[in-house]
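**Student:** Residue numbers (the working numbering): 1 to 242. Glycine included, each C-beta is placed from N, C-alpha and C at the ideal position.
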Amino acid sequence: MRLSRLLLSLALLACPAVAEEAEQNAFVEGNIIGIFYHELGHAVIDLEGVPIFGQEEDAADTFSIFMIHALFEEETAQDLAYDVSFGFWAEADLAFENEEDVAWWDEHGPDEQRFYNTICIFYGGDPDARADLAADLDLPEERAEQCPFEFDQAEASWGTVLDELVDRGPGETLVFDGDDSLTGQILAQEVEDLNAMLSLSAPLQITVESCGESNAFYDAETVEIIMCAEFEDHLFKLADRL
Ligand SMILES: [Zn+2]
1 MRLSRLLLSL ALLACPAVAE EAEQNAFVEG NIIGIFYHEL GHAVIDLEGV PIFGQEEDAA
61 DTFSIFMIHA LFEEETAQDL AYDVSFGFWA EADLAFENEE DVAWWDEHGP DEQRFYNTIC
121 IFYGGDPDAR ADLAADLDLP EERAEQCPFE FDQAEASWGT VLDELVDRGP GETLVFDGDD
181 SLTGQILAQE VEDLNAMLSL SAPLQITVES CGESNAFYDA ETVEIIMCAE FEDHLFKLAD
241 RL
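(1) Helix, strand or coil: how does DSSP classify residue 242 here?
(2) Roughly how many angstroms lie between the CA atoms of residue 133 and residue 123, to the nearest whole one?
(3) When DSSP labels each residue in this structure, what does residue 225 get in the three-state scheme?
(4) Candidates 210, 59, 70 and 206: which alpha carbon is nearest residue 220's?
(5) For residue 136, which residues does DSSP report across the bridge?
(6) For residue 220, which of helix, strand or coil comes out of DSSP?
(7) Could you say which of 117, 171 and 162 lies nearest to residue 146 if we only look at CA atoms?
(8) Less than 8 angstroms between the CB atoms is what I'm expecting for residue 226 and residue 211, so what's the real figure, rounded?
(9) When DSSP labels each residue in this structure, what does residue 207 get in the three-state scheme?
(10) Note the first and the last residue of the continuous beta strand (DSSP E) segment covering residue 175.
(11) When the Cα atoms are used, what is the spatial distance from residue 100 to residue 238?
(12) Report the option in 22, 29 and 16 whose CA atom is closest to the CA atom of residue 234.
As structure tokens, this is what we get:
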């Protein structure tokens, strides 16, 4: 269990402007972590030969929220689940404002669906403790009913894979290569924490670099997760929609 995040939430401070800034920072930080876990999901699928039935993008989203459930104390896990869910909501909101059509052809599900899938799996992991969160985020009752089963499926697949990585013991299989930007600081800490807990079957480089677009991806050729430096600014813009 991990107790802390890199940045402490200042949301309880009396000054609204400071509280709002802290909330936006937490949103950006939470989404950098969520997106990193999504890309790590792709890397684990590739490096560990995890069989996937269905869309790999859905499996990577499931891995991301499962990691948040599995690695963090309840309060922090809930904060992260809110931030990651709002990330999908904000993307959908931005696309709507820009009058973009839903990209049905895309390998990712529509953002609205990723929003509900993320909430559902997280809620299903502890329905008693997370009922308020599900209600707050408008998870419909008819979906909520089956979320414990959806979580069980996620745990049966990803939980088993994660256990295997942890059983190998700590190592240095994640290798950080980035600067000390906010993204760089968060990922350097993630790499340190994950190395202290698990080992992959091959070295995986985590790179933070400028790529001319706000994106993140796993490159199977170079066995590398690339988090584009531009993503951070994009997330701060999304944070304005909170
Ligand atoms: Zn992906």
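**Tutor:** Judging by the given coordinates:
(1) The answer is coil: DSSP assigns residue 242 none of H, G, I, E or B.
(2) Using only the alpha carbons, I get a separation of about 8 angstroms.
(3) Strand, per DSSP.
(4) 206
(5) DSSP lists no partner for residue 136.
(6) When secondary structure is reduced to three states using DSSP, residue 220 falls in the coil class, being assigned neither helix nor strand.
(7) 117
(8) 7 angstroms
(9) strand
(10) 174–177
(11) 16 angstroms
(12) 29
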